[in-house]
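>
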Amino acid sequence: MAATPDPKFPTLDIPLPTSRLATSALKVLQVDPELSQLVTRDFSVVPALQSSDGGSRVLKVEYKATTNRMLRVAVNSFMDSLKLVLEVMEQLDTDVLGFPQETGQSN
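The opening position of the sequence shown corresponds to residue 1 in UniProt numbering, with each subsequent residue numbered one higher.
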């Protein structure tokens, strides 16, 4: 008996301060395919619903999996990758903080 995806899986919405950062995150994260054929995911970048400046974007990730276990494993792996991408953005990109970083700082 073949398992079919549960249509009620939630969507992950990751808010980012600019369209450029959201698009960069999408391009980096979508390169790695899911390790199991039992899991699929779709990425998109959409405008933030409650954005006062109009530049904020949301990275949407929609998962479908045949079992809850496969979904958990896939989302955990995605969150690890997302954490790394956001840490790199925070360290190397001035847009992440919303203001220019001070010059002359050493780590």
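The C-beta atom is built at its ideal place from N, Cα and C for all residues, glycine as well.
Using a Cβ distance threshold of 8 Å, determine whether the region 79-92 contacts the region 34-51, with at least three qualifying pairs required.
no
> Quick one: Cα of LEU92 to Cα of GLU34, how far?
Working through the sequence shown from its first residue, we reach residue 92 at position 92. Working through the sequence shown from its first residue, we reach residue 34 at position 34. Cα-Cα distance, rounded: 27 Å.
> Give every residue of the same chain whose Cβ lies closer than 8 Å to the Cβ of LEU38, excluding the five residues on either side of it in the sequence, and list them in chain order.
Here residue 38 refers to the residue found at position 38 of the sequence shown. Taken in chain order, the residues that qualify are ALA3, ALA65, THR66, THR67, MET70.
> Based on the DSSP output, what are the partners of GLU62 in its beta bridges?
If you number the sequence shown from 1, residue 62 lands on position 62. Its beta-bridge partners are THR11, ASP42.
> Alpha carbons only, please: which of VAL61, ASN76, LEU16, GLN30 is nearest the one belonging to ARG89?
Within the sequence shown, the letter at position 89 stands for residue 89. It should be pointed out that residue 89 corresponds to Met in this sequence rather than to Arg. Per the Cα distances, LEU16.
> Return the CA-CA distance between ALA74 and ASP32, expressed in angstroms with no decimal places.
Stepping through the sequence shown from its first residue, residue 74 is reached at position 74. Stepping through the sequence shown from its first residue, residue 32 is reached at position 32. Approximately 12 Å, taken between the alpha carbons.
> Please state if the CB of ALA22 and the CB of LEU59 are separated by a distance shorter than 7 Å.
In the sequence shown, residue 59 corresponds to position 59, counting from 1. In the sequence shown, residue 22 corresponds to position 22, counting from 1. Yes, the pair counts as a contact, with Cβ atoms nearer than the cut-off.
> Kindly indicate which three-state DSSP category LEU16 falls into: helix, strand or coil?
Start at 1 with the first residue of the sequence shown, and residue 16 comes out as number 16. LEU16 falls in the strand class under three-state DSSP.
> Tell me which residue opens and which closes the alpha helix (DSSP H) that ASP80 is part of.
Mapped onto the sequence shown, residue 80 falls at position 80. Note, ASP80: alpha helix (DSSP H), 68-92.
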